[in-house]
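*Asks:* Residue numbers (the working numbering), protein chains in the order written: chain D, 3 to 338; chain B, 48 to 379.
For each residue, glycine too, the CB sits at the ideal point set by N, CA and C.
Quick caveat, the model's predicted, so the values are computed rather than measured.
Starting off with a structure, shown below.
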Amino acid sequence: MNAQAPTDLRTLSYAEAIREAMAIAMEADPTVILMGEDIGVYGGAFQVTLDLIDRFGPDRVMDTPISELGGAGVAVGAALTGLKPIFEFQFSDFAMLAMEQIVNQAAKLRYMLGGEASVPVVFRLPAGSGTGAAAQHSQSIEAWFGHVPGLKVLQPATPEDAKGMLLAALADPDPVMIFEHKLLYKMKGHVPAGSYLTPIGKALLRRAGTDVTIVAGSIMLHRALEAAEKLAAEGISAEVIDLRSIRPIDHETILASVRKTGRLMVVYEGVKAFGVGAEISAMVAESDAFDYLDAPILRLGGADAPVPYNPDLERASVPQVDTIEAAARRLVRREV
Amino acid sequence: MTLPDNRPFAIRHFAPAALREALKKMYLIRRFEEGAEDSYMRGLIHGTMHLSIGQEASAMATCMELTDNDKITSTHRGHGHCIAKGAEVGRMFAEFFGKETGYCHGRGGSMHIADVKTGNLGANGIVGGGLPIAVGAALSAKRLGKSDVTVCFFGDGANNEGAFHEALNMAAVWKLPVIFVCENNGYGMSTSTARSTAVTHIADRAAAYAMPGVTVDGNDFSAVAFAMHTAIARARAGEGPSLVENLTYRWRGHSKSDRNRYRSKDEIEDWMTRDPIARFRAELIAHGILDEAGAEAVAAEAIADVQAGIEFARSSTAPSISEVTRYVYAEV
């Protein structure tokens, strides 16, 4: 064991880290409130708010009716007038019921009012497949919101980032959407104590390599890192970048890596077409980094189908460690 | 024994100076709308707009008891609300002309006109868009321990949006200080309430949310002012929301593209005989608040303000093209 390794590393789950961030913010700022369906005594569908109602009471941990459009709109109106609401969608899929308030109102109010208004609302959205919940409870729609000026769209992959991004989102004067992967809620990792902000719009180099750049966020980061480890055993050196933020997107970190490795692969759970991969691919193609490419850019995304119920089909519908590994191998060995 | 005071509510309740100011603002709304229409015809304003000529009593009487701390959310037909809440017509015209001096620095235009400093959180291009936002503003007031109320203007068309149901239900469940003011002008664009709405009176829907609902003659200043007085008192007392339905009529079409094929000339002319400004003016004169000369002076002030406002807008500078993405995010 490394003698330098600290022995007092705090370890929390991703869900615990999010809860800790909410508690820190609520202790520090009485204008922070939580809103959402069944976030009170039930503790939230994924138990993220758990016991916060006991600590902060029902006036600050508000169960809403099953009214996504209205609830999100109430959060927008409250943010416009002095509160800092954190609104939990029970599943990110349900944000579609609130698109009007998110896209037409929250995202545009500052601009429409010429900078005279601010909407500091945070939307939390449990996302992703792998739970057997099928087509309406398993989607990854974060790229949709990447298309909307006025929003910020984050995708934490680790407990440390889940906490730091939520605190950063609360400190931000504009609407922020945080897509939390359901399969990550129980994942444990180091989480610093106290308050800290993970910078919004900064990707992070998670593993250095020389043969191929793999850009992945959320749970795909972990699959990409596992694939990179396996590829290393056969002599392929993959560089893995944690995207972290979809809007704003960190051009520089990605471009610098592509200039170094000469190959780019983008891995994401959302449907492949018109997704995060298209944006990143185009960004590279439009830049000087294009001249450094030794192979075509490769996108590995979700299947062109709703998320299926059958577990084998469900697994096959989104990138997995083995598919990432195989795709990287093909790319590096010029088999694409 | 004293005789009961049978004068209309507004005459009894408001000071003469406030009543004179109300008449002035109603004239200001009418002349503003005409000035905007004229400027549009002359190519000084582009896009489209939704005029509220004929609905001035609804806007003004609703806002009579509101302070700058009280909030309103408005609609696509929101010029009158903006003026009634206290905005300056010069900065409104500047916004319509797309100028940097406009309330939204030329980014919003007619459909997003707002004046946050006087509590107007903005017109809205989405029918029903302001309903949940108003509930959120009322939630802020309650959580922050303020006595402010929020007035949510919406039209008869919005009462068939899902947002109406969700917003009224939440406001009632949480007993929030919000007053939902439906300006029922009979048509959602071309579709009449008779063809679109299952109930005769939109205020009847209040029963579904366990809140008081009242339908009033929206062209009768006193009737609207009294309904609002009652609803605002209830809201400030922490007793929860109310729904007020003002029956009114827009003399002009829905927007600039409207050819009025869905309503008759007779119908329009009939409503024009119920002009809310003429009625209020006659009431003030009848009760000795103003004389004819005083009323004429008020009307003349409105004309002068509108002329000065248009001049201010015309002479203002346009936003810089290089700032097209300014105000998307907060400036750090």
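1) Count the other C-beta atoms from every protein chain shown that fall within 10 angstroms of the C-beta of T320 of chain B, then say buried if there are 16 or more, exposed otherwise.
2) Report the residues of the region 98-125 of chain D with a CB closer than 8 Å to any CB of chain B, ordered along the chain.
3) Excluding sequence positions up to five away, which residues of its chain have a Cβ less than 8 Å from the Cβ of R361 of chain B?
4) Give every residue of the same chain whose Cβ lies closer than 7 Å to the Cβ of E80 of chain B, excluding the five residues on either side of it in the sequence, and list them in chain order.
5) Buried or exposed, going by whether 16 or more other CB atoms sit within 10 Å of the CB of E370 of chain B?
6) The beta strand (DSSP E) with N231 of chain B in it runs from where to where?
7) Can you pull the DSSP bridge partners for D264 of chain B?
8) When you compare only the Cα positions, how much space is there between R283 of chain B and A344 of chain B?
9) By how many angstroms is the C-alpha of E182 of chain D removed from the C-alpha of T247 of chain B?
10) Which residues in the same chain have their Cβ closer than 6 Å to the Cβ of L302 of chain D, if we skip the five residues on either side of it in sequence?
11) Mapping DSSP to helix, strand and coil, what is K363 of chain D?
12) By DSSP's criteria, M300 of chain D is part of a beta bridge. Which residues make up the other side?
13) Is there at least one Cβ from chain B nearer than 8 Å to P175 of chain D's Cβ?
14) Does the CB of V43 of chain D have a neighbour CB from chain B at under 8 Å?
15) At a CB-CB cut-off below 9 Å, which residues of chain B make contact with I35 of chain D?
16) For the region 134-157 of chain D, list every residue whose C-beta sits within 9 Å of some C-beta in chain B, in sequence order.
17) Quick one, are the C-beta atoms of P128 of chain D and F89 of chain D less than 8 Å apart?
18) How would you label A181 of chain B, buried or exposed, when you count the other beta carbons within 10 angstroms and need 16 or more for buried?
19) Less than 7 Å between C-beta atoms, sequence neighbours within five positions excluded: which residues of the same chain meet that for S283 of chain D?
20) Is T238 of chain B helix, strand or coil when you go by DSSP?
21) If you run the structure through DSSP and keep just helix, strand and coil, what is L233 of chain D?
22) Cβ of G75 of chain D less than 8 Å from any chain B Cβ?
23) Using the beta-carbon count (16 or more within 10 Å), is Y256 of chain B buried or exposed?
24) Compare the C-alpha of R208 of chain D against each of D:I202, D:R225 and D:P87 and name the closest.
25) Under a CB-based cut-off of 8 Å, is P179 of chain B close to chain D?
26) What's the C-alpha gap between N106 of chain D and A329 of chain B?
27) Could you tell me whether the region 113-126 of chain D touches the region 243-263 of chain D, where touching means 3 or more Cβ pairs closer than 8 Å?
28) Would you list, in chain order, the members of the region 330-344 of chain B that have their beta-carbon closer than 7 Å to a beta-carbon of chain D?
29) If you draw a straight line from the C-alpha of A205 of chain B to the C-alpha of N293 of chain B, how long is it?
30) Among the candidates B:C199, B:K146 and B:Y74, whose CA atom is the shortest distance from the CA of D117 of chain B?
31) Just to make sure I have the definition right: I need the residues of chain B whose C-beta is within less than 8 Å of the C-beta of A80 of chain D. Which are they?
32) For K118 of chain B, would you say it is in contact with chain D, using Cβ-to-Cβ distances shorter than 8 Å as the test?
33) Check whether the Cβ atoms of E1 of chain D and G148 of chain D sit closer than 8 Å, and answer yes or no.
34) Tell me whether the beta-carbon of F211 of chain B lies closer than 8 Å to the beta-carbon of L178 of chain B.
35) If we ignore side chains and look at the alpha-carbon of each, how far apart do G133 of chain B and T160 of chain D end up?
36) Pick out whichever of B:E68, B:F61 and B:N53 has its Cα sitting closest to the Cα of A346 of chain B.
*Replies:* In short:
1) exposed
2) E102, Q103, N106, Q107, L111, R112, Y113, M114, L115, G116, G117, E118, A119 and S120
3) L91 and F144
4) L98, S99, I100 and H126
5) exposed
6) V225 to N231
7) B:L294
8) 36 Å
9) 46 Å
10) V269, P321 and A329
11) Summary: the structure shown does not reach residue 363 of chain D, with chain D confined to residues 3 through 338, and so no result is reported for it.
12) What sits at residue 300 of chain D in the sequence shown is Leu, not Met. Its beta-bridge partners are D:M267.
13) yes
14) no
15) L186 and R190
16) P151, G152 and K154
17) no
18) buried
19) V268, I299 and R301
20) strand
21) helix
22) yes
23) buried
24) D:R225
25) yes
26) 43 Å
27) no
28) none
29) 14 Å
30) B:C199
31) G183, A184, L186, S187 and R190
32) yes
33) With chain D represented from 3 up to 338, any question about residue 1 of chain D goes unanswered, as that position is not in the structure.
34) yes
35) 50 Å
36) B:E68
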